[in-house]
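Structure, as structure tokens:
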Amino acid sequence: MTPLIFHAIDFSAREVGSGLAVSALIGTVVRLLSGALLDRGIRCSWPIRGTTLLAIAADLILLQADSYSSYLIGQLLLGCAAGLYWPAIELAVPLSCGSLPSGRGYALVRSADALGIGIGTLIGTVAATLGSLRTVYSVEAVCMGAVLVLISLHPLQDGPPYRTLSSNSPAADGQRPTGQRPTSRLPWLLPLLPVLLISVVATGILALQQSALPLDLVRGGLLRPALSESHSSALIALQLTLLVSLQWPVGRWLSERSVAFGLGLSLAGFSLGCGLIALSSLFESGTALVLAALLPMAFAQAAFLPTATEAVIEETPPEHRGLAMALFSQCFAISAIVAPLAGGALLDLQNNGLLLWLLMGGACLIVLPTLRTLKPRYRATAMEATELLLERPEVAARADDDTVGSGARERMTP
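Quick note on numbering: the sequence shown equals residues 0 to 413 in numbering that gives the first Met the number 0.
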């Protein structure tokens, strides 16, 4: 809702996009810091606590911001909050899955994400209809307060025993020559690069859906008429409603298939959706094409979010997953820096989104061949970790007593 809020007080598309980009830029630094701390053993709950405090401060600023400087400060705080949040919450999923496969766990968590975003956007749509869009910042502040209470009562699963086990597992021993220390340099990162490349493109489209699409709709296309702010937010709310409906069945279905298959479907859906939005600019009844694009875009997003996260788990050894999750969430940050700036500039230059959506649809097709390099290098389940504890009691002796049996342990199997 931020682009609509500040567009209403005469911010240009460049100003709105630059604020979102600056937020993402500071988030890139904080994400790496958060991921490194997680790999060093900090509990996942602490970054989430920091997130809630920073987000509440940002909401209080944005609730009354009427200048670019105050808007920028609010966005900076939100960027720091997001940087702390994403690596910790993503790593907490496999640590908390118990006997549930992590792919299914990510599908369930993404469903919760979609439900929360859908409810928030519905509230924003009602607020737009009532002429009080900034209500969304009050809603977010209340939600962050609730998260702080929840995380204090029920902390997330801890990670160090999981990393201790991974570094002592038979599979890990079998993958390295005797007496050679595990490397922390590029070899573990190289298989992850295709996932990161695909994620940059996909998250770029997600960023444009938040920043450029609302502005494209309220400005209109070459022939497509402009929509009111309330109608524009209603279309976005409709897409998120579709996402809520699709996220669990699509994520659950794809959790039983390869990550390459899921990411391929996602890229195809994004490409089709972008093409339909681009074509909508050329017709007076183009709003119907925007409506038609909502379904493939929602399906693509439902397929991408859990599958890409599971791909990071499968392509990364456990002892590096904190940093890997930070790098994965950096894809969102990079896209949030580049996409709003590029999208805002193209919208200001052409006053329509035809070229923008054509470029993004084409980018999806270009990165499609990289899927061939993906394969499940590391699988992890809590059942395997339990067996490892029974087989190797010396490992269990090194694990912290308060987290034994918590499901926070994984074993690498090539």
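Positions of the beta carbon are idealized from the N, C-alpha and C atoms, including for glycine. The model shown is predicted, which means the values in this text are computed figures rather than measured ones.
Other residues of its chain near LEU76: CB distance less than 6 Å, five sequence neighbours each side excluded: Sequence-distant Cβ neighbours of LEU76 in its own chain, meaning closer than 6 Å and more than five residues away, are LEU53, ALA56, ALA57.
Give the single residue among SER101, ALA206, LEU99 whose Cα lies nearest to the Cα of LEU340. Checked all of SER101, ALA206, LEU99; the closest Cα to LEU340 is ALA206.
Whole-number beta carbon distance between MET324 and GLY115, since they are thought to touch under 8 Å: With a Cβ gap of about 20 Å, GLY115 and MET324 do not count as contacting.
If distances are taken between C-alpha atoms only, which option among SER151, LEU129, LEU62 comes closest to ALA140? Closest by alpha carbon: LEU62.
To which residues of the same chain is GLY117 closer than 6 Å at the C-beta, ignoring the five residues directly before and after it? Same-chain partners within the cutoff: LEU239, THR240, VAL243.
Is there contact between the stretch 351-358 and the stretch 208-217, where contact requires at least three CB pairs shorter than 8 Å? They touch, by the three-pair rule.
Is DSSP giving LEU205 helix, strand or coil here? Look at LEU205 here: in three-state DSSP terms it is helix.
Looking at GLN156: is its Cβ nearer than 8 Å to the Cβ of LEU83? Contact check for GLN156 against LEU83 fails: the beta carbons are separated by 8 Å or more.
Pick helix, strand or coil for SER440, following the three-state DSSP scheme. Not covered by the structure: residue 440. The range shown for the chain is 0 to 413.
From THR128 to THR120, what does the alpha carbon distance come to, in whole angstroms? THR120 has its alpha-carbon roughly 12 Å from the corresponding atom of THR128.
Tell me whether LEU242 sits in a helix, a strand or coil according to DSSP, three-state version. For LEU242, the three-state secondary structure derived from DSSP is helix.
Under three-state DSSP, which class holds ALA20? If DSSP states are grouped into helix, strand and coil, ALA20 belongs with the helices.
Just to confirm, is the Cβ distance from ILE122 to VAL138 under 8 Å? Less than 8 Å separates the beta-carbon of ILE122 from that of VAL138.
Helix, strand or coil for GLN349 per DSSP? Correct three-state label for GLN349: helix.
If you measure between the beta carbons of LEU262 and LEU275, is that distance less than 8 Å? Contact: no.
Within a Cβ cutoff of 6 Å, which residues of the same chain sit near ALA310, ignoring the five residues on either side of it in sequence? Once the five neighbours on either side are set aside, the close Cβ partners of ALA310 are VAL194, VAL258.
Given GLY342, which residues of its chain have a CB within under 7 Å of its CB, disregarding the five upstream and five downstream residues? Excluding residues within five positions, the ones whose Cβ falls inside 7 Å are GLY16, LEU207, SER210, ALA211, LEU355.
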